[in-house]
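For the record, the sequence lines run as chains A and B. Under this note's numbering, the letters of the first sequence match residues 29 to 38, in that order. Under this note's numbering, the letters of the second sequence match residues 54 to 268, in that order. Just so you know, even glycine gets a beta-carbon here, dropped at the ideal spot from N, CA and C. All of these numbers come straight from a predicted model, not from anything done at the bench. Reviewing the structure listed below.
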Amino acid sequence: AKTSSLKDEL
Amino acid sequence: MNVFRLAGDMTHLLSIIILLLKIRATKSCTGISLKTQELYVIVFLTRYLDLFTKYISFYNTTMKLVFLGTSISIVWYMRYHKVVKQTYNKDQDTFRHYFLAIPCFLLALLIHHEFTVIEVLWTFSIYLEAVAILPQLVLLQRSRNIDNLTGNYVFLLGAYRALYLVNWVYRYFTENHLVRWIPWLSGLVQTTLYADFFYYYIKSWKNNEKLQLPA
Chain A
29 AKTSSLKDEL
Chain B
54 MNVFRLAGDM
64 THLLSIIILL
74 LKIRATKSCT
84 GISLKTQELY
94 VIVFLTRYLD
104 LFTKYISFYN
114 TTMKLVFLGT
124 SISIVWYMRY
134 HKVVKQTYNK
144 DQDTFRHYFL
154 AIPCFLLALL
164 IHHEFTVIEV
174 LWTFSIYLEA
184 VAILPQLVLL
194 QRSRNIDNLT
204 GNYVFLLGAY
214 RALYLVNWVY
224 RYFTENHLVR
234 WIPWLSGLVQ
244 TTLYADFFYY
254 YIKSWKNNEK
264 LQLPA
């Protein structure tokens with residue numbers, strides 16, 4: 029999976 | 054970070070500031086559900102475990118610490134502050150935590166992206182956040198008088214996830230068309246739960262009347 033798994037959100 | 058995400062975060066932050074302001078300035082937590090507030094503490098604790106494992110940005114870390122700190126202090130005020138705790142509508146705030154938390158945990162065990170502790174707890178926090186507002190909505194429905202600060206708090210809290218939905222649509226088209234069903238659907242459920250409240254909030258605002266939800 030790509031890193032932008034929405035884990036950069038709050 | 055796009056403008057929708059930032060607007061969502063700011064709305065979320067503002068909702069919490071309004072709630073803390075209400076509690077600190079009026080020394081009252083009338084109309085606020087302790088059950089919902091405790092669920093948010095669980096949501097933030099389980100979601101932000103990656104504070105220890107992964108650094109994303111200064112903004113991200115700061116906001117996570119602010120959300121953790123403020124949610125814990127709200128619960129502290131409602132449970133232990135000698136004046137505030139007496140204003141808590143305990144008899145009307147009867148929703149059971151585990152009715153929400155256990156199904157969300159089981160769902161997270163079944164449906165997740167990856168079977169690791171951090172990922173399952175993150176997924177649990179997404180599911181739990183979607184429904185954590187329910188005790189608050191039930192309490193509002195039982196309240197005769199909803200003060201402005203409480204009404205605004207719930208409105209901003211609902212608006213935040215709606216803005217996140219727009220942010221996800223934006224990200225889908227600008228970042229490699231990544232599909233993220235778990236947060237998308239949960240966020241959609243979360244926003245839908247507010248639909249009724251939004252309707253009466255906007256109506257009361259337009260007619261310049263006091264907000265009251267039909268029983």
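In this chain, the alpha helix (DSSP H) harbouring B/Ile70 covers Val56 to Thr79. Look at B/Lys107 here: in three-state DSSP terms it is coil, with no helix or strand label. One Cα belongs to A/Leu38, the other to B/Gly61, and the distance between them is close to 10 Å. Within 7 Å of the CB of B/Arg195, no CB atom of chain A is found; the nearest one sits about 31 Å away. Contacts between B/Phe120 and chain A, judged by CB atoms closer than 8 Å, involve Leu38 in chain order.
Going by beta carbons, B/Leu190 and B/Val207 fall inside the 9 Å limit. Residue state for B/Ala161 is assigned as helix, using DSSP reduced to three classes.
Within the same chain, Lys75, Thr83 and Gly84 come within 8 Å of B/Asp200 by CB-CB distance, once the 5 residues on both sides are set aside. Contact between B/Tyr254 and B/Leu238 does not hold, since the beta-carbon distance rounds to 24 Å and is not under 8 Å. Proximity of chain A to B/Ile186 at the Cβ level (cut-off 7 Å) is not reached, the minimal Cβ distance being about 17 Å. At a cut-off of 9 Å between beta-carbon atoms, B/Asp200 makes no contact with chain A.
B/Phe168 and B/Pro156 have their C-alpha atoms roughly 17 Å apart. In this structure, B/Ile186 places its C-beta atom within 9 Å of the C-beta atom of B/Gly211. A check of alpha carbon separations from A/Leu34 across B/Val222, B/Met63 and B/Lys135 identifies B/Val222 as the nearest.
The beta-carbon of B/Leu181 is placed no less than 9 Å from the nearest beta-carbon of chain A. Boundaries of the alpha helix (DSSP H) harbouring B/Val96: Leu87 to Arg100, taken from the DSSP string.
Counting other Cβ atoms within 10 Å of its Cβ, B/Trp258 stays below 16 and is therefore classed as exposed. For B/Glu262, the secondary structure class from DSSP, reduced to helix, strand or coil, is coil.
A distance of 9 Å or more separates the beta carbons of B/Ala154 and B/Leu72. When the five nearest sequence neighbours on each side are left out, the beta carbons in the same chain lying within less than 7 Å of the beta carbon of B/Leu67 are those of Leu209, in order along the chain.
In this structure, the beta-carbon distance from B/Ile235 to B/Ile164 falls below 9 Å. Take B/Val136, set aside five residues on each side of it, and the residues of its chain with a beta-carbon closer than 7 Å to its own are Lys80, in chain order. Counting the other CB atoms within 10 Å of its CB gives B/Arg100 a total of 16 or more, which places it among the buried residues. In this model, B/Val56 and B/Asn220 are separated by some 8 Å (Cα to Cα).
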